[in-house]
RNA sequence: GCGCCGGUAGCUCAGCUGGAUAGAGCACCAGGCUUCGAACCUGGGGGUCGGGGGUUCGAAUCCCUCCCGGCGUGCCA
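In this note's numbering, the protein residues as written are 68 to 644.
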């Protein structure tokens, strides 16, 4: 729709430039869906952009352009000049009506495109280490990453969803120690540290209480799930594990149990990964050593204070970073570099890291390092998201990882359901904070819950189709729909809206911003629900057979777009509610 | 201190590759259903787009500066 118009303007502009002997590149201009019907279907700002270059008043230029566009009278209805020099274009209704057949024909495919050119894209997200249940931040990241992946899929990319976790480091060891401590406490061989000892990092930490040693690590995991794992180990093995190290069976069991819980949560959320990868495998196949060696060859590595450093300042960063601690154990940075390098060895054209704001500092170091090792750094993208706060009864609910008083994804899902959870999580753009309004999400008067507005528009449309079938009216197909009966202004407006869908997906995918999809769907439902509401003017199934067919076709088109859009958000499109 | 992200209606937020009277949901006010198309609809009030400067024919959008909030600035991840 827009492309043809754009072409028209382009050639008109070329003509004007040529006239003046201007052989420079044509300027960038915009054709946008007009914000108001009084400005037509599309508005073009080319005349304003050209004003200075041609040394003529924009409105005069607009006249010339308008004349040119008017020539396409088989599909252009009217062209006007308005304001400082906008060219507003009205298309003939048939231009919009013709779209209906296309949508009915394409069905589930409508909206998808090939702009991705089958480029291989990896989306890495969640990547939470299995030290505890997924928190709201992970939940947001999961939904965000998943929606980006769905969007890239729909726009013709070859997508791999990947979850990477650090299973080799200190964190997992502390996890094992935490479980071991709880195990020994349950056997009466150790004392639990008092809760207030956790309050601050510098508060007193007892070595023993009542003659029993305190073995719980200072930075251990305090959640109740740790005790549960310890409890089940105790039931299976009695006191037989008392002399086991924390890094062995305790760690392994905890990792397995927690990871399996995480996967369960993700599955429940409708998130499936193609690849799970971990740090250990990078050690095993020698990639960690190789990466360090190659960095060293590049002269980017030096020793200081017994540790091995990355000379990041040579790569334009503000400080150097430790790659290998003086204990001989790498920091997370080195495996991260090795991992990102491996991504490109695996043949991805583009790699997208979805990360929380707390990891943002890490990213430039990884990009700089893999860049130094020969990877074109602009092929690594970062999608950063801020954290999630929870508001209930008008107040913010305090979240503390340290005290394990955070709300988990599981808990929230059980309160609001997967659809509402996903919808709320993907409704905001990633860079901003996300306030999850529990009052709205669990609104007792759930008519107010914005997540349902779009679903309801879909459900009631299905209801109309059911009713038509009950009455013996068959649903039209692309050939029989007869869209020219759709002549009302509001019907054309709806057609224009569904026409935007492919563009919305392409733009949202390119920008890695799925929230545009939810706003678009809200807009569409915001045209459709009122249309359906007015049964006197817009009765879908009436005794006028031709009009009924056309309107049922319109209903099917809207239903298709709503369903396709909701699918991209991972939200169900119910046939009844 | 420095870096990144935010500051738009009472609240939560879209709009930010510059465009014409700044939008939505919730809340509030006034209306519409014997739920077979009301989980909806109609109308209304509500704004120094954090402040100030600049670039531009035109700025919520770009630049500078200041203020406020979050995150980071680890030999934690």
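Note that CB positions come from ideal geometry on N, CA and C, so glycine has one too.
These numbers come from a predicted model, not from an experiment.
Residue i: first and last residue of the uninterrupted alpha helix (DSSP H) it sits in
{"i": "residue 491", "result": "485 to 493"}
{"i": "residue 628", "result": "612 to 636"}
{"i": "residue 292", "result": "291 to 304"}
{"i": "residue 441", "result": "Here residue 441 belongs to no alpha helix (DSSP H), and DSSP marks it neither H nor E."}
{"i": "residue 602", "result": "602 to 605"}
Which residues DSSP lists as bridging residue i, in chain order
{"i": "residue 452", "result": "423"}
{"i": "residue 354", "result": "Residue 354 is not bridged to any residue."}
{"i": "residue 112", "result": "None, per the DSSP bridge assignment."}
{"i": "residue 397", "result": "391"}
{"i": "residue 590", "result": "BP columns for residue 590 are empty, so no partner."}
{"i": "residue 276", "result": "279"}
{"i": "residue 501", "result": "455"}
{"i": "residue 645", "result": "With the chain represented from 68 up to 644, any question about residue 645 goes unanswered, as that position is not in the structure."}
{"i": "residue 153", "result": "149"}
{"i": "residue 163", "result": "According to DSSP, which records beta bridges pairwise, residue 163 is partnered with nothing at all."}
{"i": "residue 376", "result": "369 and 389"}
{"i": "residue 447", "result": "418"}
{"i": "residue 158", "result": "143"}
{"i": "residue 475", "result": "202"}
Boundaries (first-last residue) of the beta strand (DSSP E) holding residue i
{"i": "residue 463", "result": "462 to 464"}
{"i": "residue 344", "result": "342 to 345"}
{"i": "residue 149", "result": "143 to 149"}
{"i": "residue 311", "result": "First-last for residue 311: undefined, no H or E at that position."}
{"i": "residue 506", "result": "That residue, residue 506, is in no beta strand (DSSP E); its alpha helix (DSSP H) goes 505 to 508."}
{"i": "residue 333", "result": "Note, residue 333: premise wrong, no beta strand (DSSP E); alpha helix (DSSP H) at 318 to 335."}
Contact under 8 angstroms by Cβ, residue i with residue j
{"i": "residue 80", "j": "residue 117", "result": "yes"}
{"i": "residue 427", "j": "residue 215", "result": "no"}
{"i": "residue 612", "j": "residue 165", "result": "no"}
{"i": "residue 521", "j": "residue 592", "result": "yes"}
{"i": "residue 308", "j": "residue 231", "result": "no"}
{"i": "residue 237", "j": "residue 317", "result": "no"}
{"i": "residue 208", "j": "residue 605", "result": "no"}
{"i": "residue 433", "j": "residue 501", "result": "no"}
{"i": "residue 143", "j": "residue 136", "result": "yes"}
{"i": "residue 242", "j": "residue 572", "result": "no"}
{"i": "residue 187", "j": "residue 415", "result": "yes"}
{"i": "residue 223", "j": "residue 184", "result": "yes"}
{"i": "residue 436", "j": "residue 404", "result": "yes"}
{"i": "residue 385", "j": "residue 459", "result": "no"}
{"i": "residue 639", "j": "residue 633", "result": "yes"}
{"i": "residue 378", "j": "residue 368", "result": "yes"}
{"i": "residue 349", "j": "residue 402", "result": "yes"}
{"i": "residue 442", "j": "residue 457", "result": "no"}
{"i": "residue 565", "j": "residue 635", "result": "no"}
{"i": "residue 645", "j": "residue 487", "result": "Any answer about residue 645 is impossible in this case: the structure gives the chain only from 68 up to 644."}
{"i": "residue 145", "j": "residue 83", "result": "no"}
{"i": "residue 109", "j": "residue 167", "result": "no"}
{"i": "residue 147", "j": "residue 107", "result": "yes"}
{"i": "residue 390", "j": "residue 440", "result": "no"}
{"i": "residue 191", "j": "residue 421", "result": "yes"}
{"i": "residue 380", "j": "residue 387", "result": "yes"}
{"i": "residue 450", "j": "residue 337", "result": "no"}
Assumed close pair residue i, residue j - CB separation to whole angstroms, cut-off 8 angstroms
{"i": "residue 229", "j": "residue 342", "result": "4 angstroms"}
{"i": "residue 272", "j": "residue 266", "result": "The Cβ separation is near 11 angstroms, so there is no contact."}
{"i": "residue 201", "j": "residue 293", "result": "That pair is no contact at about 16 angstroms."}
{"i": "residue 559", "j": "residue 160", "result": "6 angstroms"}
{"i": "residue 171", "j": "residue 623", "result": "6 angstroms"}
{"i": "residue 180", "j": "residue 581", "result": "At roughly 16 angstroms, the Cβ-Cβ gap does not stay under 8 angstroms, so residue 180 and residue 581 are not in contact."}
{"i": "residue 77", "j": "residue 93", "result": "7 angstroms"}
{"i": "residue 542", "j": "residue 621", "result": "That belief does not hold up - the Cβ atoms of residue 542 and residue 621 are roughly 12 angstroms apart, past 8 angstroms."}
{"i": "residue 87", "j": "residue 139", "result": "Actually they are not in contact, since the Cβ atoms of residue 87 and residue 139 sit about 24 angstroms apart, beyond 8 angstroms."}
Run through the stretch 168 to 239 for me and flag every whole beta strand (DSSP E) of 3 or more residues, listed as ranges in chain order. Fully enclosed beta strand (DSSP E) runs of 3 or longer: 187 to 191 and 225 to 232.
At 4 residues or longer, and completely inside the stretch 73 to 138: list those alpha helix (DSSP H) runs for me, N to C. Qualifying alpha helix (DSSP H) stretches, in chain order: 113 to 121 and 125 to 137.
Along the chain, which unbroken stretches of the alpha helix (DSSP H) at least 4 residues long are found entirely within the stretch 530 to 585? 556 to 578, all fully within the stretch 530 to 585.
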